[in-house]
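To start, the structure under review is shown below, and the notes come after it.
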Amino acid sequence: MKLKELGEVGGGETCAICFEEFGESKNVSLATAEISKVANMWGILRQKVGRGGFPASILEQSLRRILPAASVLPRTFSTAANVITVRNALNSALDEEMFADPKVFLMGAEVGQYQGAYKITRGLLEKYGPERVLDTPITEAGFAGIGVGSAYYGLKPIVEFMTFNFSMQAIDHVINSAEKVLYMSAGQISVPIVFRGPNGAAAGVGAQHSQCYAAWYGSCPGLKVLAPYSSEDARGLLKAAIRDPDPVVFLENESLYGESFPVSAEALDSSFCLPIGKAKIEREGKHVTITAFSMMVGYALEAAEELSKDGISAEVINLRSIRPLDRAAINASVRKTSRLVTIEEGFPQHGVGAEICASVVEESFDYLDAPVERISSAEVPMPYAANLERMTLPQVEDIVRAAKRACYRTAQRSARRGP
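Numbering (the working numbering), first residue to last: 392 to 810.
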């Protein structure tokens, strides 16, 4: 059944959310199955209304709550082929790499039958079976250890943590069993494993689910640490991580999963892969360099737009890779703009921004026209209350103020976050 035909089921009132979540996927059978379910739901509800089961107004209100993007779906897959969500970018990358290499397998809590806590692994159990999509108990130390052990013997496990905060339960395996073994074995044992999952703040999930671990893992010499922002980042970097012979920590962001981004035709090819250790210039500028990663890239771009209204041209660098860090790209930008602002969700002391500032001072000090600026989370565990959470995290206005300070557009320097 084609999408157009499905759209005519139940009076042509299939909902747009189906296209948003499934229409961009290459798995057409999965998409049509889900759209059929919604179409059938429409038919049942319409019959209820016709029989006097409940008023049409209640039906309308309920569906608007469930499907806020509800509308007639006249589109086909091709119309949105180059705009996909981060969630579907990750899902397609997993699917293609598992299809291409039978040594690749997934494991973690709820990755199979539940299709992932954030639906990143949706459809993979049905396609590859329980031998390659392994549901585990919620025992991070246990399944991380199994994953590392399988990597010792040539398999390529992808271990999902429901949040990287829970990776602390498995820190011995991530660091001592995975990160150090290539060195300790004199290069005889490689560990091609990917640890992936959401990292940093989401919205109202509390202190134990909101910490950013980029700096923690970025300080470990045997790890590669990646932090995608866009759909193209997510797809290309995850493929690179899976193909890499060394352990990779892949830091996603829960708030970005549902965000849609345009992707190039090249990025949709199954052979697409982004190089590890290379940053991306998201926006060129000449007055100040702004570095960011993950969700903070979006904030930096918003700030750059605001700064442009005041005649400040900001260059925004999407780091993509925390370790290795693209020091060459950062220093080249600073040598052009002569100013630097760093942004991160993590704490200021010993953070990613601190490392970037140190690199710039060491390599490009003579080019600086102003002190470097660091923006980070406040030095407190993440509050649960929404207003306090916002006060804790970097905001667009913080970036704008810091950039203006660096460009000497403010009368005095206000207190920085942290000490």
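Glycine included, every Cβ here is placed at the ideal spot set by N, Cα and C. Model, not experiment: these values are computed from the prediction.
For residue j and residue i, believed in contact at Cβ under 8 Å, the rounded distance
{"i": "residue 586", "j": "residue 534", "result": "Actually they do not touch by this definition, with Cβ atoms about 11 Å apart."}
{"i": "residue 773", "j": "residue 597", "result": "7 Å"}
{"i": "residue 595", "j": "residue 551", "result": "No, residue 595 and residue 551 are not in contact; Cβ-Cβ is about 22 Å, not under 8 Å."}
{"i": "residue 766", "j": "residue 682", "result": "Their Cβ separation, rounded to whole angstroms, is 10 Å, which puts residue 766 and residue 682 out of contact at 8 Å."}
{"i": "residue 583", "j": "residue 547", "result": "5 Å"}
{"i": "residue 711", "j": "residue 669", "result": "7 Å"}
{"i": "residue 716", "j": "residue 746", "result": "7 Å"}
{"i": "residue 508", "j": "residue 553", "result": "5 Å"}
Rounded separation between residue i and residue j - CA only
{"i": "residue 737", "j": "residue 580", "result": "33 Å"}
{"i": "residue 691", "j": "residue 577", "result": "42 Å"}
{"i": "residue 656", "j": "residue 556", "result": "35 Å"}
{"i": "residue 543", "j": "residue 567", "result": "13 Å"}
{"i": "residue 558", "j": "residue 753", "result": "33 Å"}
{"i": "residue 610", "j": "residue 714", "result": "8 Å"}
{"i": "residue 702", "j": "residue 694", "result": "13 Å"}
{"i": "residue 688", "j": "residue 646", "result": "13 Å"}
{"i": "residue 768", "j": "residue 739", "result": "7 Å"}
{"i": "residue 562", "j": "residue 650", "result": "30 Å"}
{"i": "residue 599", "j": "residue 575", "result": "33 Å"}
{"i": "residue 621", "j": "residue 477", "result": "6 Å"}
{"i": "residue 743", "j": "residue 663", "result": "28 Å"}
{"i": "residue 709", "j": "residue 800", "result": "25 Å"}
{"i": "residue 658", "j": "residue 516", "result": "25 Å"}
{"i": "residue 674", "j": "residue 491", "result": "34 Å"}
{"i": "residue 624", "j": "residue 593", "result": "19 Å"}
{"i": "residue 485", "j": "residue 523", "result": "12 Å"}
{"i": "residue 480", "j": "residue 626", "result": "5 Å"}
{"i": "residue 749", "j": "residue 526", "result": "43 Å"}
{"i": "residue 638", "j": "residue 700", "result": "44 Å"}
{"i": "residue 654", "j": "residue 475", "result": "7 Å"}
{"i": "residue 536", "j": "residue 629", "result": "21 Å"}
{"i": "residue 666", "j": "residue 632", "result": "9 Å"}
Helix, strand or coil at residue i [DSSP, three-state]
{"i": "residue 526", "result": "strand"}
{"i": "residue 568", "result": "helix"}
{"i": "residue 778", "result": "helix"}
{"i": "residue 793", "result": "helix"}
{"i": "residue 497", "result": "strand"}
{"i": "residue 646", "result": "helix"}
{"i": "residue 582", "result": "coil"}
{"i": "residue 667", "result": "coil"}
{"i": "residue 733", "result": "strand"}
{"i": "residue 707", "result": "strand"}
{"i": "residue 754", "result": "helix"}
{"i": "residue 558", "result": "helix"}
{"i": "residue 787", "result": "helix"}
{"i": "residue 596", "result": "coil"}
{"i": "residue 771", "result": "coil"}
{"i": "residue 744", "result": "helix"}
Span of the alpha helix (DSSP H), counted from its first residue to its last, around residue i
{"i": "residue 534", "result": "531-543"}
{"i": "residue 490", "result": "477-491"}
{"i": "residue 726", "result": "718-728"}
{"i": "residue 698", "result": "687-699"}
{"i": "residue 711", "result": "Counting along the chain, residue 711 falls outside any alpha helix (DSSP H), and DSSP gives it neither H nor E."}
{"i": "residue 516", "result": "515-519"}
{"i": "residue 502", "result": "Element bounds for residue 502: n/a, residue is neither H nor E."}
{"i": "residue 615", "result": "Segment 615-617 is the beta strand (DSSP E) holding residue 615; no alpha helix (DSSP H) there."}
{"i": "residue 622", "result": "622-634"}
{"i": "residue 609", "result": "605-609"}
Cut-off 7 Å between Cβ atoms - residues of its own chain near residue i, not counting five sequence neighbours on either side
{"i": "residue 698", "result": "705, 791 and 794"}
{"i": "residue 521", "result": "503"}
{"i": "residue 741", "result": "606"}
{"i": "residue 529", "result": "500"}
{"i": "residue 775", "result": "595 and 597"}
{"i": "residue 538", "result": "498, 548, 550 and 584"}
{"i": "residue 636", "result": "581 and 583"}
{"i": "residue 531", "result": "552, 557, 558, 560 and 561"}
First and last residue of the uninterrupted beta strand (DSSP E) at residue i
{"i": "residue 683", "result": "679-683"}
{"i": "residue 672", "result": "671-674"}
{"i": "residue 764", "result": "764-766"}
{"i": "residue 549", "result": "547-551"}
{"i": "residue 652", "result": "651-653"}
Residues near residue i by beta carbon distance below 8 Å, same chain, minus five either side
{"i": "residue 751", "result": "721, 722, 725, 731, 759 and 763"}
{"i": "residue 449", "result": "Low confidence applies to residue 449: its pLDDT is 44, below 50, so where it sits in the model is not reliable enough to give any reading."}
Minimum Cβ-Cβ distance from residue i to chain D less than 8 Å
{"i": "residue 707", "result": "You won't find chain D in this structure, because it holds only one protein chain."}
Cutoff 6 Å; reference residue i; Cβ partners in own chain excluding five residues on either side
{"i": "residue 616", "result": "608, 609, 640, 713 and 714"}
{"i": "residue 601", "result": "592 and 773"}
Near the ligand ADP: residue i beta-carbon under 7 Å from a heavy atom
{"i": "residue 794", "result": "In terms of ligand content, the structure shown is empty, and the ligand ADP therefore cannot be addressed."}
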